[in-house]
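K.L.:
In this note's numbering, the protein residues as written are 242 to 618. For glycine and all other residues, C-beta sits at the position ideal for the given N, C-alpha and C. Take this structure first; my questions come after.
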Ligand SMILES: *Cc1c(COP(=O)(O)O)cnc(C)c1O
């Protein structure tokens, strides 16, 4: 295989060592709470397989995806004793597949619970599951009355041993939001219906709230991937994105740049064209907003972001700088995921999960116990 950094428009570097260190930091800070990992949406765009392998090697044993499809793509690389949970629930007709592959469904409704119970009774063996209760977000999960019904149903409880009872926080990104306490209280009232069953409430933001939010199993996603669920949390950056300069030009005052000619040079300017566009997840809302970085200089985006390229004003660089063919920083030490998200008018989640498939991807390996052993020999 040729070196794709010479053939792709940009290079996306994913630091698995930073990923693992973020997971270890959460686990350490959560003192004894089992720390899982949410790897839905291809691990937020970073590659579910390498992410699961790195976290699995580090000791993570609870993985969460959104769809059964995502789970089935991971079963063959999952550590033997790890479990894979499907957050979006159990689709009608998926019971057999789910059971056969040992995937644990999150039961979000009574209908789903009944179908899973019937599957267990049909197979003549108990089938584990996670039960989600709605604690106030009104997205997924059973109501309080439904939870009570299932809790007291001995046939259901015998057929479906619960690995976890869970709920999800709507406002964990704002520690001061009173909805957090309301939800955690509502969750506790429902969780007591299932004595002895491990509880799970915290996403990344929840992990940073007080101990009452942590439960027994945490479900962080975003923080693992190096974005801060709340300002100033300082998780280690995992993503670095460098785009190639494919052309430079000098334009006179009055000349304009890009589709719609939406940016006009007030004075003679030097413009560089970067080989990344909205087809790569470099959002069109970054048109005339945001920047890239080169040798410590901020180079503002000028004109609209096209499908495959966008322009930046490089007039601030020393005149003799030969930047054509070079790589500029789109995400990295000068410009975080949050910075890009803010400039694009969105959240880091959307930038991450939108990272395109055309980038040359480089994975910086995590240090595994086996590698350390090798060094010691
Ligand atoms: C996506 C998701 C998470 C992870 O959330 P982050 O904010 O990325 O940590 C946890 N639980 C559920 C139910 C989710 O849907």
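(1) Residue 485 and residue 568 look like a contact to me (Cβ under 8 Å); what is the Cβ gap, rounded to whole Å?
(2) Tell me, please, whether the stretch 372-379 touches the stretch 392-412 by the rule of three or more beta-carbon pairs shorter than 8 Å.
(3) I'd like to check one pair, residue 413 with residue 447: are the Cβ atoms closer than 8 Å?
(4) Mind checking whether the beta-carbon of residue 359 lies closer than 7 Å to any heavy atom of ligand 1?
(5) When DSSP labels each residue in this structure, what does residue 554 get in the three-state scheme?
(6) State the DSSP-derived secondary structure class of residue 266, mapped to helix, strand or coil.
(7) What do you get for residue 324, buried or exposed, if any count of 16 or more other CB atoms within 10 angstroms of its CB means buried?
(8) For ligand 3, I want to know if residue 596 counts as a neighbour, meaning its beta carbon is within less than 7 Å of at least one of the ligand's heavy atoms.
(9) Is the beta carbon of residue 387 sitting closer than 8 Å to the one on residue 351?
(10) Nearest by alpha-carbon distance to residue 593: which of 599, 328, 581 is it?
(11) Any heavy atom of ligand 1 closer than 7 Å to the beta-carbon of residue 279?
(12) Cβ-heavy atom distance between residue 445 and ligand 1 below 7 Å?
(13) Relative to the alpha-carbon of residue 462, which residue among 281, 248, 271 has its alpha-carbon at the smallest distance?
(14) Compute every distance between the C-beta of residue 296 and the non-hydrogen atoms of ligand 1, then say whether any falls below 7 Å.
(15) Per DSSP, which one or two residues make a beta bridge with residue 372?
(16) DSSP three-state label for residue 568, please.
(17) Figure out for me which residue from 270, 260, 273 has the closest Cα to the Cα of residue 291.
(18) Mark residue 294 as exposed unless 16 or more other C-beta atoms lie within 10 angstroms of its C-beta, in which case mark it buried.
(19) By a C-beta neighbour count over all protein chains shown, 10 Å radius and 16 as the cutoff for buried, is residue 619 buried or exposed?
(20) Closer than 6 Å by C-beta to residue 597: which residues in its own chain qualify, once you throw out the five before and the five after it? Chain order, please.
(21) By DSSP's criteria, residue 304 is part of a beta bridge. Which residues make up the other side?
(22) Can you give me the start and stop residues for the beta strand (DSSP E) that residue 484 sits inside?
(23) At what residues does the beta strand (DSSP E) containing residue 538 begin and finish?
(24) Is the closest heavy atom of ligand 1 to the C-beta of residue 342 under 7 Å?
(25) Would you kindly check if the distance between the Cβ of residue 554 and the Cβ of residue 518 is under 8 Å?
(26) Measuring straight from C-alpha to C-alpha, what distance separates residue 419 and residue 425?
(27) Find out if the Cβ-Cβ distance for the pair residue 573, residue 286 is shorter than 8 Å.
(28) Keeping to the same chain, check which residues put their C-beta closer than 7 Å to that of residue 377; ignore five residues upstream and five downstream.
(29) Going along the chain, which residues of its own chain have a beta-carbon closer than 6 Å to the beta-carbon of residue 490, five neighbours each way excluded?
(30) What residues in its chain sit with their C-beta under 6 Å from that of residue 526, if we drop five residues either side in the sequence?
(31) So for residue 442, helix, strand or coil by DSSP?
(32) Taking 8 Å as the cut-off, does the stretch 347-363 touch the stretch 328-336 (at least 3 CB pairs, one atom from each stretch)?
(33) Nearest by alpha-carbon distance to residue 551: which of 557, 340, 571, 262 is it?
(34) How many Å lie between residue 460 and residue 483 at the Cα?
P.N.:
According to the structure shown:
(1) 6 Å
(2) yes
(3) yes
(4) no
(5) strand
(6) helix
(7) buried
(8) As far as ligands go, the structure on display features ligand 1 and does not contain ligand 3.
(9) yes
(10) 581
(11) yes
(12) yes
(13) 281
(14) no
(15) 348, 406
(16) strand
(17) 260
(18) buried
(19) Any question about residue 619 goes unanswered here, given that the chain covers just 242 to 618.
(20) 521, 522
(21) 278, 325
(22) 480-492
(23) 538-543
(24) no
(25) no
(26) 10 Å
(27) no
(28) 411, 420, 423, 424, 427
(29) 512
(30) 585, 586
(31) coil
(32) yes
(33) 571
(34) 30 Å
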